[in-house]
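**Student:** I'd like to ask some things about the structure below.
Protein chains: 2
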Amino acid sequence: YLSVLALCSLGSMCILFTIYWMRYWHGGFAWDGSILMFNWHPVLMVTGMVVLYSAASLVYRLPQSWVGPRLPWKSGHAAMHLLAFLLTVLGLHAVFEFHNHAKIPNLYSLHSWLGITTVFLFACQWFLGFSVFLLPWASMWLRSLLKPIHVFFGASILSLAIASVISGINEKLFFSLKNGTKSYSNLPSEAVFANCAGMLVVVFGLLVLYILLA
Amino acid sequence: YLSVLALCSLGSMCILFTIYWMRYWHGGFAWDGSILMFNWHPVLMVTGMVVLYSAASLVYRLPQSWVGPRLPWKSGHAAMHLLAFLLTVLGLHAVFEFHNHAKIPNLYSLHSWLGITTVFLFACQWFLGFSVFLLPWASMWLRSLLKPIHVFFGASILSLAIASVISGINEKLFFSLKNGTKSYSNLPSEAVFANCAGMLVVVFGLLVLYILLA
Ligand code: HEM
Ligand code: HEM
Ligand code: HEM
Ligand code: HEM
Ligand SMILES: O=C1O[C@H]([C@@H](O)CO)C(O)=C1O
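Residue numbers (our numbering), protein chains in the order written: chain A, 1 to 214; chain B, 215 to 428.
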């Protein structure tokens with residue numbers, strides 16, 4: 001129970017740090033194709049693909065889920081992952097719209113290649129999980145065969161999401177801190193703050209993976 | 215045995231791609247504090263912290279290690295990790311020397327914060343592994359208590375190394391492809407090549423983690 005508390009507060013901190021970074025140093029949010037629309041991208045990716053994704057994956061680690069009927073827990077797990085996926089898609093939409101409006105090509109950076117691969121795997125995982133574990137047709141044998149694969153890919157997708165977040169924060173800082181005393185290499189306060197946000201996401205992710213795999 | 219072959223060739227491809235990238239587009243290697251000294255950084259990090267590190271970690275997955283005396287396998291595991299660590303330190307030395315000569319501050323980027331944390335954990339893992347599993351004083355009880363932690367941290371360090379490699383390749387491409395038709399967003403051949411190198415490292419890393427944890 002203590003670890004649930006620790007995890008919840010770490011997860012909220014990851015989200016709050018990202019929101020504060022975007023509000024305080026980048027002018028806040030909008031949904032109009034401008035650079036303010038881009039600002040939704042980091043927030044929605046961290047919220048959807050890291051924090052909610054982790055919460056959804058850890059549902060079966062709650063002792064309450066080990067007794068009583070399984071169906072409500074399964075539906076909860078699937079629904080939370082669906083919500084996480086929707087936020088992720090909104091987060092991608094925000095950056096694609098911004099690129100289209102600003103006439104910046106899509107999908108050129110390694111960050112975006114890794115990111116889009118991660119989201120694609122997330123979609124596959126959802127459909128496979130849904131059709132095998134929630135729909136009633138699959139045999140116990142098939143389910144127990146697929147379960148370790150389901151868990152391994154779940155953990156891998158989270159690791160790739162963390163790598164995406166790190167490369168994303170890193171490149172955003174190189175973009176926006178370019179010259180003078182505000183250059184990234186002089187570590188202005190924005191750089192320290194956003195680096196800390198990135199390290200927080202790493203600590204959160206490792207903790208989740210530990211609880212998931214240990 | 216087929217998977218050993220697949221893994222070896224994937225690992226070599228990761229190293230060869232990095233070397234080719236640095237030779238063909240960045241003028242090759244030197245050890246003199248210039249930008250050519252920097253070029254050792256990606257090569258040594260991929261070779262040491264990803265490929266050799268993985269090979270060393272997978273030693274106990276070879277069926278040959280399951281029969282006969284354990285000591286030679288243990289020493290091999292420890293020695294390979296020591297070699298991987300030495301290459302890693304050389305790789306860090308290359309970039310720090312370059313920064314000092316070019317009067318670029320050290321340790322400002324999120325890439326470098328994550329990277330140095332990863333190398334620090336690697337060092338801790340080595341000393342803990344060495345003192346508990348190789349030196350004779352530790353009881354079976356202590357060893358079996360620490361083993362799952364040892365394996366989990368081994369896998370975590372590899373994941374963090376992959377995130378470091380991705381953010382490193384990404385930022386290097388933003389540095390060196392800045393203007394005109396050679397801008398990163400126009401995907402010149404260097405960008406495609408180095409993005410592919412990054413994706414190769416990801417595929418290699420996931421395969422290793424699968425064999426390690428499955
Ligand atoms: C799981 C997390 C993430 C995923 C899957 C992801 C995915 C993507 C994708 C697919 C693009 C390409 C969009 C396009 O080309 O139109 C992109 C762009 C971008 N992302 Fe992320 N992102 C993630 C997190 C972040 C975070 C936390 C930041 C921090 C600021 C960030 C910063 C950027 C930037 C600056 C771009 C535009 C430049 C580029 O295309 O690389 N990303 N992201
Ligand atoms: C993309 C989304 C998904 C991810 C990342 C994911 C991830 C995970 C993870 C990490 C676990 C392991 C929990 C543990 O070991 O205790 C798990 C278990 C499970 N997942 Fe998913 N899951 C996803 C979607 C689904 C969907 C849509 C279903 C459909 C109901 C589903 C059904 C299950 C079941 C039944 C288990 C538990 C098996 C058991 O402990 O008996 N998953 N999932
Ligand atoms: C496990 C892998 C890696 C680790 C642990 C790592 C670690 C580091 C560290 C600690 C620094 C800071 C050096 C200083 O400030 O003097 C650094 C800098 C740098 N690294 Fe890496 N690195 C890794 C892989 C890579 C790769 C594959 C590239 C690809 C080109 C790369 C590109 C860079 C660049 C451009 C810098 C200088 C700018 C900066 O400080 O961020 N790194 N790296
Ligand atoms: C930083 C370096 C190290 C890393 C990343 C690392 C990683 C690993 C990994 C991933 C395994 C799991 C293999 C498996 O499950 O079959 C393992 C097992 C083991 N490691 Fe290490 N290791 C390191 C250093 C050491 C050192 C210095 C020793 C000292 C001898 C050591 C002793 C062992 C032993 C005895 C096992 C196997 C336990 C068993 O299967 O009974 N490790 N290590
Ligand atoms: O290590 C670095 O490399 C670049 C550039 O000098 C060459 O790519 C840069 O600004 C660094 O801090």
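Cβ coordinates follow ideal geometry from the N, Cα and C atoms, glycine included. It should be emphasised that the depicted structure is a prediction, and the values quoted were computed from it without experimental measurement.
Among the candidates A:A191, A:V51, A:S156 and A:G198, whose CA atom is the shortest distance from the CA of Y24 of chain A?
**Tutor:** Working through the first sequence from its first residue, we reach residue 24 of chain A at position 24. If we check each option's Cα against that of Y24 of chain A, A:A191 comes out closest.
**Student:** Assuming the contact rule is C-beta atoms closer than 8 Å, W126 of chain A and F85 of chain A should be a hit. Round their C-beta distance to whole Å, please.
**Tutor:** The residue you call residue 126 of chain A lines up with position 126 of the first sequence. The residue you call residue 85 of chain A lines up with position 85 of the first sequence. The pair is a contact, with the Cβ atoms about 6 Å apart (cut-off 8 Å).
**Student:** Would you mind sorting Y215 of chain B into buried or exposed? The rule is 16 or more other CB atoms within 10 Å of its CB.
**Tutor:** Start at 1 with the first residue of the second sequence, and residue 215 of chain B comes out as number 1. That one is exposed.
**Student:** Just to check, is the beta-carbon of L172 of chain A closer than 7 Å to a non-hydrogen atom of ligand 1?
**Tutor:** What you label residue 172 of chain A is simply residue 172 of the first sequence in a count that begins at 1. Residue identity check: residue 172 of chain A is Lys in the sequence provided, not Leu. Checking the Cβ of K172 of chain A against ligand 1 gives yes.
**Student:** Whose C-alpha, out of B:F344, B:W245 and B:A375, is nearest the C-alpha of F307 of chain B?
**Tutor:** Counting from one through the second sequence, the residue named residue 307 of chain B turns up at place 93. It is His, not Phe, that sits at residue 307 of chain B in the sequence shown. Comparing Cα-Cα distances from H307 of chain B to each of B:F344, B:W245 and B:A375, the minimum goes to B:W245.
**Student:** Any beta-carbon of chain B closer than 8 Å to the one on F152 of chain A?
**Tutor:** Position 152 of the first sequence, counted from the first residue, corresponds to residue 152 of chain A. Closer than 8 Å: yes.
**Student:** Got a sec? Which residues, its chain only, sit under 8 Å from S156 of chain A by beta carbon, not counting five neighbours each side?
**Tutor:** One-based indexing of the first sequence puts residue 156 of chain A at position 156. For S156 of chain A, where only same-chain residues beyond five positions count, the Cβ hits under 8 Å are L121.
**Student:** Can you say whether A377 of chain B is buried or exposed, counting buried as having 16 or more other CB atoms within 10 angstroms of its CB?
**Tutor:** Counting from one through the second sequence, the residue named residue 377 of chain B turns up at place 163. So A377 of chain B ends up on the buried side.
**Student:** Report the residue from A:L213, A:G198 and A:L212 whose alpha carbon sits nearest the alpha carbon of L10 of chain A.
**Tutor:** Within the first sequence, the letter at position 10 stands for residue 10 of chain A. Of A:L213, A:G198 and A:L212, the residue nearest in Cα terms is A:G198.
**Student:** Please report how far the alpha carbon of F38 of chain A lies from the alpha carbon of G48 of chain A, in whole angstroms.
**Tutor:** Position 38 of the first sequence, counted from the first residue, corresponds to residue 38 of chain A. Position 48 of the first sequence, counted from the first residue, corresponds to residue 48 of chain A. Computed Cα separation, rounded: 16 Å.
**Student:** Please state whether DSSP places S34 of chain A in a helix, a strand or coil.
**Tutor:** Taking the first residue of the first sequence as position 1, residue 34 of chain A is located at position 34. Note: S34 of chain A maps to coil in three-state DSSP.
**Student:** So what does DSSP say about A79 of chain A, is it helix, strand or coil?
**Tutor:** Taking the first sequence and counting its residues from 1, the one referred to as residue 79 of chain A is at position 79. If DSSP states are grouped into helix, strand and coil, A79 of chain A belongs with the helices.
**Student:** Quick check: is the beta carbon of I162 of chain A nearer than 8 Å to any beta carbon in chain B?
**Tutor:** The residue given as residue 162 of chain A occupies position 162 in the first sequence. It does: the Cβ of I162 of chain A has a partner Cβ on chain B nearer than 8 Å.
**Student:** For H111 of chain A, which residues in chain B fall below 9 Å Cβ to Cβ?
**Tutor:** By one-based count along the first sequence, residue 111 of chain A stands at place 111. Neighbours of H111 of chain A on chain B, chain order: I380, S381 and N384.
**Student:** What would DSSP say about A352 of chain B, mapped onto helix, strand or coil?
**Tutor:** Within the second sequence, residue 352 of chain B is the residue found at index 138, counting from 1. Coil.
**Student:** Kindly indicate if chain B contains any beta-carbon less than 8 Å away from that of N179 of chain A.
**Tutor:** Mapped onto the first sequence, residue 179 of chain A falls at position 179. Closer than 8 Å: no.
**Student:** For the putative contact between F98 of chain A and N106 of chain A, defined by C-beta atoms under 8 Å, what is the C-beta separation to the nearest angstrom?
**Tutor:** Along the first sequence, one-based indexing puts residue 98 of chain A at 98. Along the first sequence, one-based indexing puts residue 106 of chain A at 106. F98 of chain A to N106 of chain A, Cβ: 10 Å. No contact.
**Student:** How would you write the range of the alpha helix (DSSP H) that T232 of chain B sits in, first residue to last?
**Tutor:** Start at 1 with the first residue of the second sequence, and residue 232 of chain B comes out as number 18. Element bounds for T232 of chain B: L216 to H240.
**Student:** Report buried or exposed for S373 of chain B, applying the criterion of at least 16 other Cβ atoms within 10 angstroms of its Cβ.
**Tutor:** Residue numbering aside, residue 373 of chain B sits at position 159 when the second sequence is read from its first letter. When all chains shown are included, S373 of chain B counts as buried.
**Student:** If we ignore side chains and look at the alpha-carbon of each, how far apart do A102 of chain A and H41 of chain A end up?
**Tutor:** Translated into positions along the first sequence, residue 102 of chain A becomes position 102. Translated into positions along the first sequence, residue 41 of chain A becomes position 41. If you take the alpha carbons of A102 of chain A and H41 of chain A, they lie about 15 Å apart.
**Student:** Tell me whether C124 of chain A is buried or exposed, calling it buried when 16 or more other Cβ atoms sit within 10 Å of its Cβ.
**Tutor:** As a working note, residue 124 of chain A is residue 124 in the first sequence. Exposed, since its Cβ has fewer than 16 Cβ neighbours within 10 Å.
**Student:** Quick one: is the Cβ of L300 of chain B within less than 7 Å of any heavy atom of ligand 3?
**Tutor:** Locating residue 300 of chain B in the second sequence gives position 86, where the first residue counts as 1. L300 of chain B Cβ: outside cutoff for every heavy atom of ligand 3.
**Student:** At a cut of 8 Å, does the region 11–18 of chain A reach the region 57–74 of chain A through at least three beta carbon pairs?
**Tutor:** As far as the Cβ criterion goes, the region 11–18 of chain A does not touch the region 57–74 of chain A, which means the pair count is below three.
**Student:** Measure the alpha-carbon distance for L173 of chain A versus L276 of chain B and round it to whole angstroms.
**Tutor:** For the purposes of this step, residue 173 of chain A is identified with residue 173 of the first sequence, where counting begins at 1. For the purposes of this step, residue 276 of chain B is identified with residue 62 of the second sequence, where counting begins at 1. Answer to the nearest angstrom: the Cα atoms are 43 Å apart.
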